[in-house]
Structures are given as C-alpha cells and as structure tokens.
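Undergrad:
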Amino acid sequence: MSFASASRHPQPILDTPSFRIFWSSSDALAIELKPGFTDANSSQWPPEQERTVDDRGRVNYDRYADSSKARFWKNKLGKILLRDTVIPELIRLGQAAVASGIRDASVSLIDFPHGYRLFIHESQDHLAPRTDPYLHGSVYVNHFRSPFEFLPHLEWIINGQPKKPDGKPDCQCTYCSGKPQKYIHAERHFSSSGDDEKPHRKRSRSRRGRQNKKTYDPIPAKDYTKLNLGTSSGTT
Ligand SMILES: [Zn+2]
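364 is the number that the numbering used here gives to position 227 of the sequence shown; each next residue is one higher, with no gaps.
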C-alpha cells in the first residue's frame, strides 16, 4: 500500500499544511498547493468576449493566455517560493543540508491556486495590439500583472489568509498593502533572482504608480497644537 501511494505522490522534501514540494523528475522540483488554499473563483474572471474592432481600429478584450505564458509565471513563482519560503523553512527545521542541496534546482509551481487563471488583455491598435498578462480570480484583487505582483499575495494565501481587524487581507501585495510594486521589488530582491520579465510599458507603469502613490504617501502627523486649546472639552 505504501509503495502505491509513494509512486503516485513522490516523497515530499517538505510537506506543510498549505503546500508540498517534491522532485517531479530527476532534476526538477515541483511545488503543489493543497486544496482549499485559495481566495479565488472563476466568477471573478472577465466575461467571455468576441474580439471586436471598434470604428477607430482598436480592440479591448481578454483571452486565455497560452500554456507557455502560464508556465513562465509558474516557474517564476516556484523559484521565489523556493528561495523565500521553502529554503528558510527547511533551515528552521534543521534541514540545512537538504536546503543547500535544492537551492539551485529548477522548480515550478504545478498550478495557480484553484480559481485563478491567466489572461492576456489585448488593447489599442488591432493590427499591433498591446498585450498585457492579467491573472484573474482573486475576490480581493481585480488582477495581478506579473508573477512578482502576485507572489506576496500567494504567500498570504499559503499563510492562511490572515485578516486585519477591519476584515481586509493582511497581505503585503501591492494591491492589498497600497505599497508601490517597485518598493516591494526592491525589498524582496525580486530582480536579483535572475531572468526578469520584460518591464511593462512606461505608460502603464506611471499610471499605476500614481494610483498607488496616493495610498502610500506618508500620512502627516496630526498637528495637535492647532486644536482648540482655549476651550474646555465639555466633559464636565
Ligand atoms: Zn494581496
């Protein structure tokens, strides 16, 4: 009996409540999320649309991304999860030798959390449309535009989706936290992990940067000296 289950599910290197990691071949690791670890469902996906061209020659629609694009995301997510979640956990468990043995291995996330799906948003000139990958499905975030945007949200899912006292996700992704992605990128050393995805076009980045800035600008300290010190607070 144990042989049968071992062949179907290779012995995991690390098995946590939310995911497990194992050798999927002689030289590649796979990270598999466990059922129930998701905040997504397909009702959040964009509606099915025909690719229509408007009278100014523009398109604006979403289509499913092909599997190679999704694979790129899953490889990137797997690589950072290995570095920032799996290796530290193995070291914490006293498995430093195992950790160093897998540090440079090829690794991929087997699949996105259940209910997530990668789309390509096509816009502008229909002859040479702008194409942006959008990961849809989260009930909290409209879409994620890169594996690096999604990674902190994925970690939040893996950590059991902790909430703040106000019921909002206690998540460090750019959308939940309001921090610009460039700060997260720098803090997490995402770009140092190697082959980065092509940067988004300037227009998109600056537009989003402005949006985020609104919520990230430090709130100035209240100037209590301007309170009505002369009037009593009426608590008598
Ligand atoms: Zn988030």
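Where a beta carbon is used, it is the ideal one built from N, C-alpha and C, also for glycine.
None of the values given here were measured: they were computed from a predicted structure.
#1: Let me check you understand the geometry: is the CB of H326 closer than 7 Å to at least one non-hydrogen atom of ligand 1?
#2: Using 8 Å as the threshold, is the segment 259-268 in touch with the segment 170-178, meaning 3 or more CB pairs across them?
#3: I need the DSSP call for F174, collapsed to helix, strand or coil.
#4: So, with DSSP's three-state summary, where would you put I247?
#5: Indicate whether G274 and Y253 have their beta-carbon atoms separated by less than 8 Å.
#6: Ignoring anything shorter than 4 residues or poking outside the segment 246-325, list the alpha helix (DSSP H) runs there in chain order.
#7: Indicate whether V223 and L151 have their beta-carbon atoms separated by less than 8 Å.
#8: In whole angstroms, give me the CA-to-CA distance for T189 and F256.
#9: Give a single yes or no on whether Y320 has its beta carbon closer than 7 Å to a heavy atom of ligand 1.
#10: In whole angstroms, give me the CA-to-CA distance for S260 and V235.
#11: What is the C-beta distance between A242 and L166, in whole angstroms, given that I count them as a contact (C-beta under 8 Å)?
#12: Strictly by DSSP, which residues pair up with D199?
#13: Out of F285, H290, P284, which has the shortest C-alpha to C-alpha gap to V276?
#14: For D152, which residues does DSSP report across the bridge?
#15: Mind checking Y312: buried by the 16 CB within 10 Å criterion, or exposed?
#16: Start and end of the alpha helix (DSSP H) containing L227?
#17: Please check the pair Q186 and Y201, which I expect to be a contact at CB under 8 Å, by giving their CB distance rounded to whole angstroms.
#18: Would you kindly work out how many angstroms separate the C-alpha atoms of I158 and R195, rounded to a whole number?
#19: Pairing CB atoms from the segment 204-217 with CB atoms from the segment 299-312, are three or more of them under 8 Å?
#20: If I168 sits next to L246, beta carbons under 8 Å apart, how far is it from one beta carbon to the other, in whole angstroms?
#21: Any heavy atom of ligand 1 closer than 7 Å to the Cβ of V276?
#22: Can you tell me whether R182 sits near ligand 1, meaning its C-beta is under 7 Å from at least one heavy atom of the ligand?
#23: Starting from the C-beta of R325, find all residues in its chain whose C-beta is less than 6 Å away, skip the five residues before and the five after it, and write them out in chain order.
TA: On the basis of the supplied data:
#1: Translated into positions along the sequence shown, residue 326 becomes position 189. H326: no, Cβ never under 7 Å from ligand 1.
#2: Fewer than three beta-carbon pairs drawn from the segment 259-268 and the segment 170-178 are found closer than 8 Å, and the two stretches are therefore not classed as touching.
#3: Looking up residue 174 in the sequence shown gives position 37. The answer is coil: DSSP assigns F174 none of H, G, I, E or B.
#4: The count along the sequence shown starts at 1 and reaches residue 247 at position 110. I247 falls in the coil class under three-state DSSP.
#5: Residue numbering aside, residue 274 sits at position 137 when the sequence shown is read from its first letter. Residue numbering aside, residue 253 sits at position 116 when the sequence shown is read from its first letter. Closer than 8 Å, so yes.
#6: DSSP runs (the alpha helix (DSSP H)) wholly in the segment 246-325: 284-295, 311-314, 318-325.
#7: Along the sequence shown, one-based indexing puts residue 223 at 86. Along the sequence shown, one-based indexing puts residue 151 at 14. One thing to note: V223 has its Cβ within 8 Å of the Cβ of L151.
#8: Walking along the sequence shown from the start, residue 189 turns up at place 52. Walking along the sequence shown from the start, residue 256 turns up at place 119. Straight through space, the alpha carbons of F256 and T189 are spaced by roughly 17 Å.
#9: As a first step, residue 320 is located in the sequence shown; it is residue number 183 there, counting from the start. Not one heavy atom of ligand 1 sits closer than 7 Å to the Cβ of Y320.
#10: Along the sequence shown, read from residue 1 onward, the residue named residue 260 stands at position 123. Along the sequence shown, read from residue 1 onward, the residue named residue 235 stands at position 98. Answer to the nearest angstrom: the Cα atoms are 46 Å apart.
#11: Here residue 242 refers to the residue found at position 105 when the sequence shown is read from its first residue. Here residue 166 refers to the residue found at position 29 when the sequence shown is read from its first residue. Indeed, because the Cβ distance is near 5 Å, the residues count as touching under 8 Å.
#12: Taking the sequence shown and counting its residues from 1, one reaches residue 199 at position 62. In the DSSP output, where bridge partners are listed per residue, D199 has H258.
#13: Residue mapping note: residue 276 aligns to position 139 of the sequence shown, counting from 1. Measuring from the Cα of V276, the nearest candidate turns out to be H290.
#14: Locating residue 152 in the sequence shown gives position 15, where the first residue counts as 1. Beta-bridge pairing by DSSP links D152 to R157.
#15: Translated into the one-based positions of the sequence shown, residue 312 becomes position 175. Buried, by the Cβ-count rule.
#16: Residue mapping note: residue 227 aligns to position 90 of the sequence shown, counting from 1. In the DSSP annotation of this structure, the continuous segment of the alpha helix (DSSP H) that includes L227 starts and ends at 224-229.
#17: Within the sequence shown, numbered from 1, the residue matching residue 186 stands at position 49. Within the sequence shown, numbered from 1, the residue matching residue 201 stands at position 64. Between Y201 and Q186 the Cβ distance is about 12 Å, and since that is not below 8 Å, they are no contact.
#18: Here residue 158 corresponds to residue number 21 of the sequence shown, with the count starting at 1. Here residue 195 corresponds to residue number 58 of the sequence shown, with the count starting at 1. Cα to Cα, the separation comes out at about 44 Å.
#19: Under the 8 Å Cβ criterion, the segment 204-217 does not count as touching the segment 299-312, having fewer than three qualifying pairs.
#20: Within the sequence shown, residue 168 is the residue found at index 31, counting from 1. Within the sequence shown, residue 246 is the residue found at index 109, counting from 1. A Cβ-Cβ separation of about 5 Å places I168 in contact with L246 under the 8 Å criterion.
#21: For the purposes of this step, residue 276 is taken as the residue at position 139 of the sequence shown. Incorrect: V276 has no Cβ contact closer than 7 Å to ligand 1.
#22: Here residue 182 is taken as the residue at index 45 of the sequence shown, counted from 1. Per the sequence shown, residue 182 should be read as Trp rather than Arg. Look at W182: its beta carbon is at least 7 Å from all of the heavy atoms in ligand 1.
#23: Working through the sequence shown from its first residue, we reach residue 325 at position 188. Setting aside the 5 residues that flank it on each side, R325 has no residue in the same chain whose C-beta is closer than 6 Å to its C-beta.
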